[in-house]
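What follows is the structure, given as structure tokens:
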């Protein structure tokens, strides 16, 4: 009789995901290309894989310049959910919304699920109010419906 020692390791097929940031809106030029955004992810491994722990979470940091950031390798069939932390304030603009093109998805077999996260920022608009007050001894000589011309100027460029 000959004894045979057989080692038959089991490996799971895996896949992963990636996240890319897109900045849109008329205030997009106000956002620095190096600005960082935090994306949190949670995942749930299929119960039939008997992996302990069967769930987990993590964080990715993505930049406004659109650089693709890879998430971890996860077992095929794992369900992943993404959320974004509140972006930092930007001078001269207001964040008006964000959306993932895929917020919850299932990891494919040896495939990368590409996710785009779009944040919209709009320029803060200012206003100018001009009020004319006629005073002095000759004030009564000016009709109430007299029009006055006001010239104004402002610097050109981003934020104006």
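In our numbering, the protein residues as written are 116 to 275. Using N, Cα and C, we set each Cβ at its ideal position, and we do this for glycine too. Just so it is clear, the structure is predicted and the values come from calculations on it, not from any experiment.
Can you tell which of 249, 130, 151 and 246 has its C-alpha closest to the C-alpha of residue 280? Any question about residue 280 goes unanswered here, given that the chain covers just 116 to 275.
Nearest candidate by alpha-carbon position, reference residue 129, set 179, 188 and 139: Stepping through the chain shown from its first residue, residue 129 is reached at position 14. Looking at 179, 188 and 139, the one whose alpha-carbon comes closest to that of residue 129 is 188.
Report all residues from its chain with a CB closer than 7 Å to the CB of residue 162; omit the five preceding and five following residues, and keep chain order. If you number the chain shown from 1, residue 162 lands on position 47. 169.
List, from N- to C-terminal side, the alpha helix (DSSP H) runs of 4 residues or more that fit wholly inside the stretch 169–223. None, since the stretch 169–223 contains no complete alpha helix (DSSP H) of that length.
Enumerate in chain order the residues of its own chain whose CB-to-CB distance from residue 159 is below 7 Å, with the five nearest sequence positions on each side excluded. Locating residue 159 in the chain shown gives position 44, counting from the first residue. Around residue 159, the same chain offers 169, 170, 193 and 194 as residues with beta carbons nearer than 7 Å, after the five sequence neighbours per side are excluded.
Report the CB separation of residue 186 from residue 133 in whole angstroms; it is logged as a contact under 8 Å. As a first step, residue 186 must be located in the chain shown, where it is residue number 71. As a first step, residue 133 must be located in the chain shown, where it is residue number 18. The distance from the Cβ of residue 186 to that of residue 133 is about 7 Å, consistent with a contact at the 8 Å cut-off.
DSSP three-state call for residue 254: helix, strand or coil? As a first step, residue 254 is located in the chain shown; it is residue number 139 there, counting from the start. Three-state result, residue 254: helix.
Can you give the beta carbon distance from residue 215 to residue 197, rounded, assuming they're within the 8 Å contact cut? As a first step, residue 215 is located in the chain shown; it is residue number 100 there, counting from the start. As a first step, residue 197 is located in the chain shown; it is residue number 82 there, counting from the start. Contact between residue 215 and residue 197 holds, with the beta-carbon distance rounding to 6 Å and staying under 8 Å.
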